[in-house]
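Chemist:
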Amino acid sequence: MTDYKYTTECRSCGNKYINDFLDLGAQPLVNALLTKEDLDKQENTYPLTLAVCGMCSLVQIRETVDPSILFKDYVYFSSQSKTMVDSARECVNKVIIEEKLNKDSLAVELASNDGYLLQHYMKRGIPILGIDPAENIAKIANDAGIKTLPEFFTTELADAMVKDGMLADVVHANNVLAHVADTNGFVAGIKKILKPSGLAIIEVPYIGDFIEKAEFDTTYHEHLCYFSFTSIDRLFSRNGLKITKIERLPIHGGSLRVFARKSSYWVDGSVTEIFNEEKAKGLELGHYYFGGFGTGVSFEQRVFNKMTKFWSNVHELAATGIVCAYGAAAKGNTLLNYNCPGRVPSLIRFIADSTPAKQGKYAPGTHIKIVSPEHFRNYNTKHCIILPWNFAAEIATKEADYTRGSGKFWIPDEKLGLKEWK
Ligand code: DWN
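Okay, so the sequence shown: first residue is 1 according to our numbering, each after it adds one.
(1) V75 bridges to which residues according to DSSP?
(2) So if DSSP puts N175 in a beta bridge, which residue, or which two residues, is it bridged to?
(3) Measure from the alpha carbon of L336 to the alpha carbon of each residue in T219, K415 and G296, then state which is nearest.
(4) Heavy atom of the ligand DWN less than 7 Å from the Cβ of H252, yes or no?
(5) Name the one or two DSSP bridge partners that S255 has.
(6) Closest Cβ-Cβ distance between E37 and chain B: below 8 Å?
(7) Would you give the residue range spanned by the beta strand (DSSP E) that N19 belongs to?
(8) Is the closest heavy atom of the ligand DWN to the C-beta of G407 under 7 Å?
(9) Please report the residue range of the alpha helix (DSSP H) in which C91 lies.
(10) Since Y326 is in the beta strand (DSSP E), which residue starts that stretch and which ends it?
(11) Should Y76 be listed as close to the ligand DWN, given that the test is whether its C-beta is under 7 Å from any heavy atom?
(12) Can you grab the Cα-Cα spacing for the pair V59 / K358, in whole Å?
(13) Check whether the segment 373-380 touches the segment 37-50, taking contact to mean three or more Cβ pairs, one atom from each stretch, closer than 8 Å.
(14) Find out if the Cβ-Cβ distance for the pair K382, G332 is shorter than 8 Å.
(15) Just how far apart, CA to CA, sit G198 and A400?
(16) Whole angstroms is fine: what's the gap from D233's alpha carbon to M166's?
(17) Over what stretch of residues does the alpha helix (DSSP H) that includes W311 continue unbroken?
(18) Kindly indicate which three-state DSSP category L129 falls into: helix, strand or coil?
(19) Tell me the residue span of the beta strand (DSSP E) that contains H383.
(20) Under 6 Å Cβ to Cβ from P127, same chain only, skipping five residues before and after it: list those, please.
(21) Helix, strand or coil: which one does DSSP assign to S346?
(22) Hey, P432 and Y226 are a contact pair by Cβ (cut 8 Å); roughly how many whole angstroms apart?
(23) Quick one: what's got a C-beta closer than 7 Å to I430's C-beta in the same chain, skipping five residues either side?
(24) With three or more C-beta pairs closer than 8 Å as the rule, is the segment 312-326 touching the segment 22-41?
(25) Provide the residue(s) that pair with T64 in DSSP beta bridges, ordered along the chain.
(26) For N184 versus R261, is the C-beta spacing smaller than 8 Å?
(27) Identify whether G198 lies in helix, strand or coil by the three-state DSSP scheme.
(28) Curious, which full-length alpha helix (DSSP H) runs of at least 4 residues does the segment 28-54 contain?
(29) If you draw a straight line from the alpha carbon of T83 to that of E394, how long is it in whole angstroms?
(30) Assign I140 to one of three DSSP states: helix, strand, or coil.
(31) Counting only the same chain and skipping the five closest in sequence on each side, list residues whose C-beta sits under 8 Å from that of T366.
(32) If I follow the unbroken beta strand (DSSP E) through K361, where does it start and stop?
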């Protein structure tokens, strides 16, 4: 395919010495779900290579697929996860108090999706503005009264907001910084739309958890960057933002919630703590990403070994009863399409998912059918692999009847391949 660019320079600092450490081969776009008619057509795949910058330590993929292909008609609805909505509400309620927000304030979210976060400001009478390029999802937010611009957030849009006097007291950007090709421009744009005393709150999956728990399946073409504190601090400093606090979140397999301002005399102890932790572990150095924590096994080999065990376990389970999966997550498609045996659909009968827009479609690469949770409940499977392992607790609770019967839930695991979720 030619509708992608291969980068030879770091997306943050521009340095040419970026070194590959995980080659996932040709992968389909993880949210490019297929219709039945698509199954007989040629499916687009793109190389997927993780590299780390020798200067600013940013982990990134080499390949940039055209964002309009990835995000214009999006199938990820944040409100499908109660965990996400609850996490957003807790954060918003704290920010309203700590930042003394009121009816004269403005809360902006970049990649605001279906309003899962801004709804909590709106309920408290705080003016809001969402910005999200997925027209189908922005429509859902607007229909719910959450003012949302169906656009990409660019420096041009930031300039227009400044010109119109739309400066924010708080800017949220959850799970989006990793998605934008103009990494510096996006951060510079946040600084532009912040009031002088404004607060930026950015959530990103944490590369420390990614490496240490071999969470390679969160690698896909939507995720261009994978942040450590070290790399995000250098990115923010370069663009005039100062990190004032860090919260470690369990969400999405481990994330950082980064608080930043245009200037601040005060920096929370959590910043020094994570700086020292990363220094001690060597997250700014290449061997952290290539090595295997003293095991002598490279990260790439750890991933290969994990998936070899995974598929061996799937075959064993399939010999004892029907195997299905739950959660047609983006990460699930990276997982199932890497180092996988021949006809996967013969091993995994279907994938259940609560997202109406996903039901009836087929997973990219494996062509496993995506069905409703009701279909899952009425089908007599023996084993169910939870692909969004980050929401295993929420899903297993929701589907508790499954394990009350003879069903067993499983999640991917580096040591075991598959680990029973109890
Ligand atoms: O960065 C991103 C992360 C935050 O979310 C996006 N680029 C894409 C997306 O990645 P993902 O699809 O791997 O995320 P999730 O949230 O782990 O996927 C959840 C999937 O599971 C969704 O398709 C919804 C489904 N689900 C379900 O069917 N029942 C989720 C829950 C909690 C449920 O109860």
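Even for Gly, the Cβ is constructed at its ideal location relative to N, Cα and C.
Modeler: By the coordinates alone:
(1) Residue mapping note: residue 75 aligns to position 75 of the sequence shown, counting from 1. DSSP lists no partner for V75.
(2) By 1-based counting over the sequence shown, the position of residue 175 is 175. Beta-bridge pairing links N175 to no other residue.
(3) Residue numbering aside, residue 336 sits at position 336 when the sequence shown is read from its first letter. Cα-wise, what sits closest to L336 is T219.
(4) Along the sequence shown, one-based indexing puts residue 252 at 252. Within the cutoff, so yes.
(5) Within the sequence shown, numbered from 1, the residue matching residue 255 stands at position 255. In DSSP, S255 forms a bridge with P205 and L249.
(6) Chain labels in this structure do not include chain B; a single protein chain is all it has.
(7) Numbered from 1 along the sequence shown, position 19 holds the residue referred to as residue 19. First-last of the beta strand (DSSP E) with N19: I18 to P28.
(8) Position 407 of the sequence shown, counting from 1, holds the residue named residue 407. For the ligand DWN, not one heavy atom lies less than 7 Å from the Cβ of G407.
(9) As a working mapping, residue 91 is identified with position 91 in the sequence shown. First-last of the alpha helix (DSSP H) with C91: K82 to E98.
(10) Here the question's residue 326 lines up with position 326 in the sequence shown. That run of the beta strand (DSSP E) goes V323 to Y326.
(11) Residue 76 sits at position 76 when you count from the first residue of the sequence shown. Within the cutoff, so yes.
(12) Within the sequence shown, residue 59 is the residue found at index 59, counting from 1. Within the sequence shown, residue 358 is the residue found at index 358, counting from 1. In a straight line, the C-alpha of V59 is about 30 Å away from that of K358.
(13) no
(14) Working through the sequence shown from its first residue, we reach residue 382 at position 382. Working through the sequence shown from its first residue, we reach residue 332 at position 332. Going by C-beta atoms, K382 is not nearer than 8 Å to G332.
(15) Counting from 1 along the sequence shown, the entry for residue 198 is found at position 198. Counting from 1 along the sequence shown, the entry for residue 400 is found at position 400. Approximately 44 Å between the Cα atoms of the pair.
(16) Residue mapping note: residue 233 aligns to position 233 of the sequence shown, counting from 1. Residue mapping note: residue 166 aligns to position 166 of the sequence shown, counting from 1. The straight-line gap from Cα to Cα measures roughly 26 Å.
(17) One-based indexing of the sequence shown puts residue 311 at position 311. Unbroken alpha helix (DSSP H) run through W311: F299 to A318.
(18) Looking up residue 129 in the sequence shown gives position 129. Here L129 sits in strand by DSSP.
(19) Indexing the sequence shown from 1 puts residue 383 at position 383. Unbroken beta strand (DSSP E) run through H383: H383 to I386.
(20) Your numbering for residue 127 matches position 127 in the sequence shown. Closer than 6 Å at the Cβ level, and outside the excluded window around P127, lie L106.
(21) Looking up residue 346 in the sequence shown gives position 346. S346 falls in the helix class under three-state DSSP.
(22) Here the chain comprises residues numbered 1 to 422, so residue 432 is not present and cannot be evaluated.
(23) There is no way to answer for residue 430, as the model of the chain reaches only from 1 to 422.
(24) no
(25) Your numbering for residue 64 matches position 64 in the sequence shown. T64 is bridged to K5.
(26) Locating residue 184 in the sequence shown gives position 184, where the first residue counts as 1. Locating residue 261 in the sequence shown gives position 261, where the first residue counts as 1. In this structure, R261 does not lie closer than 8 Å to N184 by Cβ.
(27) To locate residue 198, count along the sequence shown from 1; it is residue 198. G198: strand per DSSP, three-state reduction.
(28) none
(29) The count along the sequence shown starts at 1 and reaches residue 83 at position 83. The count along the sequence shown starts at 1 and reaches residue 394 at position 394. Those two C-alpha atoms are separated by around 7 Å.
(30) Stepping through the sequence shown from its first residue, residue 140 is reached at position 140. DSSP places I140 in helix when its eight states are reduced to three.
(31) Within the sequence shown, residue 366 is the residue found at index 366, counting from 1. Same-chain partners within the cutoff: N333, L336, N337, C340, V344, P345 and I348.
(32) Taking the first residue of the sequence shown as position 1, residue 361 is located at position 361. Taken as a continuous stretch (DSSP letters only), K361 belongs to no beta strand (DSSP E), as it is neither H nor E.
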